[in-house]
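Enquirer:
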Amino acid sequence: MTAGAAGAAEGRLLTVVGERGTDSDTPEIATVERVGRIQADLTIGADTTAAVSLRANADLSNRGVSLFGAGFIVTPEEATALGLGRIPV
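According to numbering that gives the first Met the number 0, the sequence shown holds residues 0 to 88 in order.
Rendered as structure tokens:
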């Protein structure tokens, strides 16, 4: 269940961490409470939806890890010579 009030500065976020006796009229529900500003995605903490790019990163790029070519390929005979045994083809 979610309930809220417009313009509220802080809120309570209760997260269920355990349930017992849910098949009875008196279930026991264990929760963890966090207090703070509740974001649009119902989390408490930094508003990551308002994050902007850093100017310091302008005109920078990095391809990261990229594989090119055929990689490290050995024939079954080379694998045996390397002591790797028979590799299924």
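Backbone N, C-alpha and C define an ideal beta-carbon position, used for all residues, glycine too.
Owing to the predicted nature of the structure, the values given are computational and were not obtained by experimental measurement.
1) By the three-class DSSP mapping on this structure, what secondary structure does Arg11 have?
2) Measure the C-alpha to C-alpha separation of Ala69 and Thr42 and round it to an integer number of angstroms.
3) Verify whether the separation of the beta carbon atoms of Val34 and Thr14 is less than 8 Å.
4) My assumption, with CB atoms under 8 Å, is that Ile28 sits in contact with Gly10. Please give the rounded CB distance.
5) Whose CA, out of Asp24, Arg19, Asp40, lies closest to the CA of Leu12?
6) Where do the ends of the alpha helix (DSSP H) carrying Thr79 lie?
7) Where does the unbroken beta strand (DSSP E) through Arg70 begin, and where does it stop?
8) Going by DSSP, which residues form a beta bridge with Ala29?
9) What number of angstroms, rounded off, separates the C-alpha of Glu18 from the C-alpha of Ala5?
Expert: The answer reads as follows:
1) By one-based count along the sequence shown, residue 11 stands at place 12. Per DSSP, reduced to three states, the secondary structure at Arg11 is strand.
2) For the purposes of this step, residue 69 is taken as residue 70 along the sequence shown, with counting starting at 1. For the purposes of this step, residue 42 is taken as residue 43 along the sequence shown, with counting starting at 1. Cα to Cα, the separation comes out at about 45 Å.
3) Position 35 of the sequence shown, counted from the first residue, corresponds to residue 34. Position 15 of the sequence shown, counted from the first residue, corresponds to residue 14. Contact check for Val34 against Thr14 fails: the beta carbons are separated by 8 Å or more.
4) The residue labelled residue 28 in the question sits at position 29 within the sequence shown. The residue labelled residue 10 in the question sits at position 11 within the sequence shown. 19 Å between Cβ atoms; not a contact.
5) Counted from its first residue, the sequence shown places residue 12 at position 13. Checked all of Asp24, Arg19, Asp40; the closest Cα to Leu12 is Asp40.
6) Counting from one through the sequence shown, the residue named residue 79 turns up at place 80. Following the DSSP letters along the chain, one finds Thr79 inside the alpha helix (DSSP H) bounded by residues 75-80.
7) Your numbering for residue 70 matches position 71 in the sequence shown. The sequence given here has Gly at residue 70, not Arg. Element bounds for Gly70: n/a, residue is neither H nor E.
8) Taking the first residue of the sequence shown as position 1, residue 29 is located at position 30. Answer is Gly17.
9) For the purposes of this step, residue 18 is taken as the residue at position 19 of the sequence shown. For the purposes of this step, residue 5 is taken as the residue at position 6 of the sequence shown. Cα-Cα distance, rounded: 31 Å.
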